[in-house]
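Which chain is which? The protein sequence lines are A and B, in order. Numbering of the first sequence is given in numbering that gives the first Met the number 0, commencing with residue 0 and proceeding in unit increments. Numbering of the second sequence is given in numbering that gives the first Met the number 0, commencing with residue 0 and proceeding in unit increments. Yeah, the Cβ is synthetic: ideal placement off N, Cα and C, and Gly gets one too.
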Amino acid sequence: MTYDLAVIGAGPAGASATIEAAKAGLDTVLIDEQRAAGGQVWRAKGPAIKAAPATPEGKTGDRLRAALAAVTADRHFSARVWDIERHTDGFRISAISPTGALTIETRAVLLAGGAQERVFAVPGWTLPGVIGLGAATALMKEQLVLPGNRVIVAGVGPLLSFVAHEIIRNGGKVAAVVDLNPLSVWLRCLPDLIGSPGLLVRGAWWRLRLWAAGVAYFHECGIRSIEGDRAVSRVTIGAVDANWCPLGAATQTYDADAVCLGHGLAPATEASRLLGADHQYDGGQGGWKPVTDDVGRTTVPGLFVAGDGAGVQGAAAAQLQGRISALAIAEDLGLLTTREWRRRSAPLILRIGKAQRFGRAMTALTIPRPGLIEAIAPDTLVCRCEGLSRHDIEAEIRAGANWPNAIKSGTRCGMGPCGGRYCTETVTELACRITGKTPGEFGIPTARPPLRPVPIGCLSGEFDYDDLPIPPPAPL
Amino acid sequence: MSQAFDIAVVGGGILGCATALRLAEGGMNAIVIEKSDLGQGASGVNAGTLSLQIKRVKLMPYALRGWAKWQAMGAAIGFHQTGGISLAFNQREADLLQERMTMKAEAGAPITLISGRDARAREPGLSDRVVAASWCPQDGHANSSLTGQYYRHQLRDARIAIREHCPVTKIDQTDRGFVLHGYGETIHARRLLLACGGWLKGVAALLGVDLPVRARVNTVSVTERGPRIMNTVVGHATGLLTMKQKTNGTVLIGGGWQGRGSPMNGRGLVDRDTLIPNLCLAQYAVPEIARLRVLRSWTGFEAHVPDFNPLAGALPGTKNAFVLGCVRGGYTIGPYISELMGDLILGRDPEMPLFDPSRPFDIETATRRIL
Ligand SMILES: Cc1cc2nc3c(=O)[nH]c(=O)nc-3n(C[C@H](O)[C@H](O)[C@H](O)COP(=O)(O)OP(=O)(O)OC[C@H]3O[C@@H](n4cnc5c(N)ncnc54)[C@H](O)[C@@H]3O)c2cc1C
Ligand SMILES: Cc1cc2nc3c(=O)[nH]c(=O)nc-3n(C[C@H](O)[C@H](O)[C@H](O)COP(=O)(O)OP(=O)(O)OC[C@H]3O[C@@H](n4cnc5c(N)ncnc54)[C@H](O)[C@@H]3O)c2cc1C
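Right, dumping it as structure tokens:
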């Protein structure tokens, strides 16, 4: 059977889109590699902690899951999409699920795969005990596990105070929060935030709680080094200037057994790049993102994208975007009249502006600045999968490898299991600094399947040798 | 007018770069023009197999000499001589193996036929379903990812001009030679060598020449690092598998299974319907790889003409223009045939015969043969 729509990702964008699409009469299938809907922000509690008290994020997630359960749409959880191919009359999606290989044929695809964490290297960041800010939220939401007993929370963006707040709420200790930005940037974006008072109040509440708990929150500060024999034991911080470049001598050293480090989020674009959609660089939305119109249509016919994967704008915008895209797809496929599309989408379009202003203001706080690179020592590992230092990569660039694919081929940078998720941004900034290119000119390495690493045995499944379509031998 | 080069080489793959080096050695002032980065075409994405067992009989003498060049390049391009085993899983394949390998041995490759049990003695990870095999101690591999890096250094040391990210989109012929246009650049050269791999047909068309070149879309996959499970290059009687575990523990799986797309529109795409049987075949040969995760599968364009022999000589009907491409097993053979090509352009006598691009092609039989 061929679906009208396959939605990949059941976060705020994908789950909301599925609900809207099902209501509009589309034969819809939803696929997510997590056990339940909710995505990153409203991640469901894991089976081990079901009895833990509900959080605001958990409750919102529960409401979304309930609404999703009430509509008619096929859904596959714990199913990892590893390939999407475009054929003349639609798409073929390949996934690995607990019950084996899954193939889904569909007329349209909505990519709602969200964002990925951006972590720039600092000296010592590869020590055990250092995790991403986003990974820390996942650990606490799904398993109630604390990142450590005495944690430094460092980097930029709104996740800093959320993560620190959650550590304290769950009984942990935060040694310090280290924010590259001055307090004034928060005040400057206030006008964009007051349109979403609920979110603003929550953010202010986290800060208040941190203050009440006596947690030191340093603005205009960055990590100088993370040290320890086998794992994190000491973290040294120091002041930074407006470009986030280290300023003066280091100021303070903390004993700590964990560091939560993050520098914002970037749209997860592997799938849209694999399908050949045009992309553009927009630092204000997390970097490379697919080119889309207002409703999430990409340059590939039948391919839509919504949520953080279309440019990082946060959960509130993602939900609305998902719904608007679903309606637009219904109209494209002839299941809604233009009039009906207008009627249903108008109230959503009216609301999305405020949500987007808020989300973009948050993302703007995390636009990389030159100091992120200044803080990386020559021998600091940039590509942890392949063990490549800043020096290794710069040497390759200076030898004339000026573009992403050339650097990758020559050094293996990004060829490991992370598929470049953790090094691409740093390499881009290093290369731009040397070559004078902008990130948009520099480009991004080619995307290829599988979208996630998959064991060969899962792909081969059970097969009969005699059934393998082995072509005739090569010419002699 | 800007400086005129003695020769402009269009295409920065192995064939273009290695020929440019030979020409510079012979005293010519050369420029290599590449539409993307050096060594990002077939030369940088191929499976890196330097195996004689998968070389064509007619090209074996060239393959043997090419192999020696790779051996001399050594660590800079990740050369490893590991020996290679080709497998047959049933009688039909055993017969095929015997016929093919006997001819290749007669052409000079040190290949011997061995039993399934001998094969497993050499390569304990092989499945016990192997009924017959062939062995070549000279087989091995190099790291094709390093092609661009290697030749970039070589060209620089030889003071050969390089233009990367400069696709040639227009070529004018003048009485003094050629004017090449691409990406805001105008390059003058007295001679021209087209070495643009899968893109040859389109680029030759810029000069009004129709070459019967087609491109195959070969697929290669790589796994994560794993414990050592194999030491040799493992192949198949049909030639449709090449597999080896690199020193870093990753396993590279190829064999020429066909993806989708064409050089004229983008990069080519992996096709799940050929990728999966390719991986099944690999797993059938070495069952242990089932546990390894595939990190990436990709495709590259391999050019060929109807008789599957190289194009290496004067470009038909165009004075002072040459073409080099469509070399089956061109990674292995490339460094050698490029020297012959360089010698031809320098007016020297090549040590081995080249392959005249003006020869007649029987397009119809060839089509039947690939189907
Ligand atoms: C690690 C991380 C932690 C975050 N934590 C917070 C937070 O605590 N608070 C906050 O306000 N914002 C947080 N964010 C930002 C937040 O994710 C977004 O603003 C919001 O969730 C975006 O919604 P979305 O629907 O676009 O994507 P997401 O919520 O990220 O949903 C994407 C979904 O797609 C699925 N998916 C992706 N690729 C595949 C595939 N190949 N196969 C199958 N399924 C796939 C994922 O499993 C996921 O469930 C976090 C982001 C990240 C990356
Ligand atoms: C996936 C794959 C696996 C293979 N495996 C093996 C193997 O294991 N062993 C083996 O011996 N051989 C193998 N081969 C064959 C071998 O890789 C090729 O024969 C060889 O690399 C061809 O070299 P080339 O220089 O002719 O082509 P290429 O390396 O493709 O170089 C041609 C260059 O021309 C450039 N170009 C094209 N158009 C223009 C333009 N208009 N302007 C400027 N530049 C242009 C391209 O960008 C490209 O870089 C394989 C091939 C493929 C595709």
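Collapsing the DSSP output to three states places L429 of chain A in a helix. Judged by the Cβ position, Q33 of chain A qualifies as a neighbour of ligand 1 at the 8 Å threshold, a heavy atom of the ligand being closer than this. Rounded to the nearest angstrom, the gap between the Cα atoms of A9 of chain A and A111 of chain A is 7 Å. Bounds of any beta strand (DSSP E) do not take in Y61 of chain B; it lies within the alpha helix (DSSP H) bounded by M59 to M72. For I30 of chain B, no CB of chain A lies under 9 Å from its own CB, so it is not counted at the interface with that chain. DSSP places P438 of chain A in the uninterrupted alpha helix (DSSP H) bounded by P438 to F441.
At least one C-beta of chain A is nearer than 9 Å to the C-beta of V221 of chain B. Excluding the 5 residues flanking it on each side, K172 of chain A has same chain C-beta neighbours closer than 6 Å at R149, in chain order. Three or more beta-carbon pairs drawn from the region 239 to 256 of chain B and the region 215 to 231 of chain B are found closer than 8 Å, and the two stretches are therefore classed as touching. Our two residues, P377 of chain A and R389 of chain A, have alpha carbons roughly 5 Å apart in a direct line. Fewer than three pairs of CB atoms, one per stretch, sit closer than 8 Å, so the region 119 to 128 of chain A makes no contact with the region 284 to 298 of chain A. Contacts with chain A at 9 Å (Cβ-Cβ) do not include I332 of chain B. Only those residues of the region 15 to 48 of chain B whose C-beta falls short of 8 Å from the nearest C-beta of chain A are listed: S35, D36, L37, G38, Q39 and G43. Taking 9 Å as the threshold, the shortest C-beta distance from P276 of chain B to chain A falls below it. In this structure, DSSP gives C422 of chain A a state outside helix and strand, which the three-state scheme calls coil. Cα atoms of G329 of chain B and R338 of chain A: separation of roughly 60 Å, rounded to the nearest angstrom. Of B:T298, B:K243, B:P356 and B:D174, the smallest CA-CA separation from A311 of chain B is found for B:P356. A Cβ-Cβ distance of about 7 Å is found for the pair L86 of chain B and A118 of chain B, placing them in contact under the 8 Å criterion.
Non-local beta-carbon contacts of F88 of chain B in its own chain, meaning distances under 6 Å to residues more than five positions away in sequence, involve R128 in chain order.
At a cut-off of 9 Å between beta-carbon atoms, L302 of chain A makes no contact with chain B. Contiguous alpha helix (DSSP H) elements confined to the region 261 to 333 of chain B occur at 271 to 284, taking only those with 4 or more residues.
With 16 or more other CB atoms across the displayed protein chains lying within 10 angstroms of its CB, V381 of chain A is buried.
At a beta-carbon threshold of 9 Å, the residues of chain B lying near S408 of chain A are D36, G38, Q39, G43, V44, S143, S144, L145, T146, G147 and Q148, ordered along the chain. Taking the Cβ atoms as the reference, V293 of chain B lies roughly 33 Å from I48 of chain A, outside the contact range of under 8 Å. The beta carbons of L37 of chain B and I161 of chain B sit closer together than 9 Å. A Cβ-Cβ separation of about 6 Å places S35 of chain B in contact with H164 of chain B under the 8 Å criterion. Under the Cβ criterion (8 Å, minimum of three pairs), the region 230 to 239 of chain B does not count as touching the region 193 to 205 of chain B.
For S232 of chain A, the three-state secondary structure derived from DSSP is coil. Judged by their CB atoms, T17 of chain A and V70 of chain A are nearer to each other than the 9 Å cut-off. The alpha-carbon of I151 of chain A is positioned some 35 Å away from that of S271 of chain A.
At a cut-off of 9 Å between C-beta atoms, S296 of chain B counts as an interface residue with respect to chain A. Restricting attention to alpha helix (DSSP H) runs no shorter than 4 residues, the region 195 to 257 of chain B encloses them at 199 to 204, ordered along the chain. Sequence-distant partners of R175 of chain B (beyond 5 residues in either direction) whose C-beta falls short of 8 Å from its own C-beta, in its chain, are A3, H187 and R189. Proximity of chain B to D82 of chain A at the Cβ level (cut-off 7 Å) is accounted for by R271, in chain order. Taking a C-beta distance under 9 Å as the contact criterion, V6 of chain A and A325 of chain A qualify as a contact pair. Pairing G82 of chain B with G139 of chain B gives a Cβ-Cβ distance under 9 Å.
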